[in-house]
Every structure is written in structure tokens, then in C-alpha cells.
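Numbering (the numbering used here), first residue to last: 355 to 445.
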Amino acid sequence: MLKIGGMRKVNPELMAFIFAAVSKDTPAEGAILSVMIIPVTIKCFACGRTGTREDSEFMCPYCGSRNVHLLSGLELSIEVLEVESSLLNHE
Ligand SMILES: [Zn+2]
């Protein structure tokens, strides 16, 4: 599982392509890469609300204030790399 913060602007299809390229000729070849986009969560100091944004605008989704604090959305980590055992043992 690859967790990607919404602020990273990473293309999941591009990540899958890169993963396929780097995993070639390794035991991970053929593994499915799961990519999870983490929504951008913003705490607004102007109206006090917390919200999420689908885009990467650093702005309150409710009042439009830029006096905000980013709570999440910068993650970029491979959480779990799951390899289907059926793929490895398939005759
Ligand atoms: Zn606000």
C-alpha cells in the first residue's frame, strides 16, 4: 500500500508504471501496487473549522481564508507491500 498525500500531486497510474519498472527481475515482479491518496485536511484559524480538499489549494474550504494549518496531505510512504502468494507459487 502506497499512501500519498493529496498535496504531492502524484499520479497513481504513473506510480504503478514506475513500480512495475523497478520491480522487474525481483521477487516483487508482478505484484499489484495499491495506492491510497490521503485527502488534504486543513484546520482553519479564521472560522475554526476543519475540512478536507480534493485539490491541493492551501485554503479553507468553507470561508476561503488562507490562514490555515495543514493537518494531513503530505504523506508519501509505502505502508504495506502485499505480494499475492498465489502469484509466486503458481505453476
Ligand atoms: Zn475557514
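Think of the CB as a built atom: it goes at the ideal place given N, C-alpha and C, for glycine as much as any other residue. The structure presented is a predicted model; accordingly, all values stated were derived computationally and were not measured.
Starting from the C-beta of residue i, find all residues in its chain whose C-beta is less than 8 Å away, skip the five residues before and the five after it, and write them out in chain order.
i    : result
S419 : C398, F399, A400, C401 and M413
By Cβ distance, which residues of its chain are closer than 7 Å to residue i, with the 5 residues on each side in sequence left out?
i    : result
Y416 : C398, C401, R403 and G405
S377 : E383 and A385
On the DSSP bridge assignment, give the partners of residue i in chain order.
i    : result
L424 : I396
Suppose contacts are defined by Cβ-Cβ distances below 9 Å. Is residue i in contact with residue j by that definition?
i    : j    : result
T380 : L424 : no
P393 : E383 : no
Rounded to whole angstroms, what is the Cα-Cα separation between residue i and residue j?
i    : j    : result
N365 : S426 : 18 Å
F373 : N421 : 37 Å
E367 : E411 : 22 Å
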